[in-house]
Structures are given as C-alpha cells and as structure tokens.
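S.K.:
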Amino acid sequence: MPDNRNKVLTTATVNPNVVKAEYAVRGALVLRSVQYSDRLARGDKSLSFDKVIPCNIGNPQVLKQEPIEFHRQVLALVNVPGLVDQPEV
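Letter by letter, the sequence shown follows residues 34 to 122 of the numbering used here.
#1: Expressed to the nearest angstrom, what Euclidean distance is found between the alpha-carbon atoms of V52 and T44?
#2: Out of D83, N48 and P87, which has the shortest C-alpha to C-alpha gap to V95?
#3: Mind pulling the alpha helix (DSSP H) runs of 4 or more residues that sit fully within the stretch 59-99?
#4: List the endpoints of the continuous alpha helix (DSSP H) containing A50.
#5: Let me know the secondary structure DSSP gives P120 once reduced to three states.
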C-alpha cells in the first residue's frame with residue numbers, strides 16, 4: 034500500500050481553478066426578487082403577493098422542510114464511531 038502521509042492538500046497543491054472558484058447568488062431571478070422585495074417593503078400593493086420566498090439559496094427550511102437530520106447523524110457516526118456506544122443511539 035502506498036505511503037500517503039506526505040500528501041497534503043493545500044492551496045498550493047490543489048488545482049488553481051478550485052482556489053479561484055467563487056460562489057455567488059446572482060442572476061436575473063435574484064435581481065428581480067430584490068426588486069419585488071424592495072417594492073413590498075415600500076408598501077406597494079400592486080403586486081399579487083405580499084412576500085418573496087427566496088428558494089435559490091439552498092435553504093429548504095424557509096419552506097418548512099425538515100432539516101436532513103438523519104443523514105447528518107449517520108455521517109457523525111461514521112466520523113466518530115465511539116458515538117455508537119451511546120445509549121440514545
């Protein structure tokens with residue numbers, strides 16, 4: 034089996050495109066939602082709705098979806114096997 038102890042992932046060793054990668058919430062949909070939010074904040078009653086629900090940022094809880102707790106718990110058990118010995122598990 035190869036010895037991987039000397040292989041370290043840093044900003045110097047990772048692909049430079051990964052280092053330069055950016056994530057931003059932007060685009061026409063976001064800009065329009067900001068416009069609608071501003072109009073609603075100013076009391077504009079000409080819209081057929083009274084709130085803007087942001088669904089583009091990966092937060093399903095804003096729509097009352099339960100958090101993905103089970104998957105997080107399983108990952109915790111994989112990362113910390115000693116947790117299996119806990120009575121509540």
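Here a beta-carbon is modelled for each residue, glycine too, at the ideal position from N, C-alpha and C.
M.R.: From the atom records:
#1: Straight across, the Cα-Cα distance linking V52 with T44 is about 6 Å.
#2: The residue with the shortest Cα to Cα distance from V95 is P87.
#3: The stretch 59-99 contains, as complete alpha helix (DSSP H) runs of 4+ residues, the segments 61-74 (chain order).
#4: The displayed chain sequence assigns Asn, not Ala, to residue 50. N50: member of the alpha helix (DSSP H) spanning P49 to K53, first to last residue.
#5: P120: coil per DSSP, three-state reduction.
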